[in-house]
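Below is one structure; the comments refer to it alone.
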Amino acid sequence: MVLTDRWQARGTLVDVVAGAVAGGVRWVVLREKDLPRAERAALATDLRAVLDEAGGTLVVAGPDPLDGDAVHLPSAGPYPPPRLGLVGRSCHHRAELARLSTEDYATLSPVFPTSSKPGYGPPLHPAGLAELITASPVPVLALGGIATPDHVHACIRAGAAGVAVLGAVMRADDPTEAAATLTRAFEEAISRVPPTRHVPMVAPQPSCATPEEER
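Using full-length UniProt numbering, read the sequence shown as starting at 1 and increasing by one per residue.
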């Protein structure tokens, strides 16, 4: 899963996402919550077109679903989540996990120190991630500072169903290569340690679950 940030992107957001999709990403979370709704809706439509060609899934940082297949909600609410197709939730500690009810998945962050949101933390690191995953009632995507194949492998070994990145793709000189590198690492990792829980799909199973930093 890849999360968007047009301020960090090395190009237009649509071009960067298209590059990531070419590199194997099949889930994208549209953030950009500071945009007027009409502009954000138009961007959602453009990203949806890119993802539809690859059988991918557009997740919108909600609760407004716009043109997405799913919504991703912040830890602050609303609770319980609206049922608008697939629903994800940002979480950072055990108390937030305990509030989950009908969500389909959660992100846990930050796993590693992150330059996208410096000073946010403290980082969970793989050991802390593993501990919280055991307390989660839903599948978990690891998020925050995931930038290398080693990071991906560590998160999957900790029990994550997938990983979510932002900066590793948004700031990449070559989003396609960055996404492909993380996708290969994800596929290698799950071949060695298959996840015990999976995020329900609203589109064909992605070859890589890779977003970063939605809170």
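Beta carbons: idealized from backbone N, C-alpha and C, even for Gly.
Simplified DSSP assignment, three categories, for residue i
{"i": "residue 23", "result": "coil"}
{"i": "residue 13", "result": "helix"}
{"i": "residue 106", "result": "strand"}
{"i": "residue 1", "result": "coil"}
Buried or exposed (CB count within 10 angstroms, at least 16 for buried), residue i
{"i": "residue 246", "result": "Absent from the model: residue 246. The displayed extent of the chain is 1 to 215, so no value can be given."}
{"i": "residue 27", "result": "buried"}
{"i": "residue 126", "result": "buried"}
{"i": "residue 181", "result": "buried"}
{"i": "residue 139", "result": "buried"}
Extent of the continuous alpha helix (DSSP H) to which residue i belongs
{"i": "residue 168", "result": "167-170"}
{"i": "residue 191", "result": "175-192"}
{"i": "residue 152", "result": "149-157"}
{"i": "residue 48", "result": "37-54"}
{"i": "residue 66", "result": "Run containing residue 66: none; DSSP gives neither H nor E here."}
Inter-residue Cα distance where the pair is residue i and residue j
{"i": "residue 47", "j": "residue 17", "result": "7 Å"}
{"i": "residue 197", "j": "residue 174", "result": "31 Å"}
{"i": "residue 14", "j": "residue 22", "result": "12 Å"}
{"i": "residue 49", "j": "residue 137", "result": "33 Å"}
{"i": "residue 191", "j": "residue 157", "result": "11 Å"}
{"i": "residue 94", "j": "residue 128", "result": "10 Å"}
{"i": "residue 72", "j": "residue 123", "result": "21 Å"}
{"i": "residue 281", "j": "residue 52", "result": "Limits of the chain in this structure are 1 at one end and 215 at the other, which puts residue 281 out of reach."}
{"i": "residue 141", "j": "residue 163", "result": "5 Å"}
{"i": "residue 88", "j": "residue 107", "result": "8 Å"}
Residue i vs residue j beta-carbon contact at 8 Å
{"i": "residue 103", "j": "residue 78", "result": "no"}
{"i": "residue 66", "j": "residue 59", "result": "no"}
Endpoints, beta strand (DSSP E) assigned at residue i
{"i": "residue 89", "result": "86-91"}
{"i": "residue 142", "result": "140-143"}
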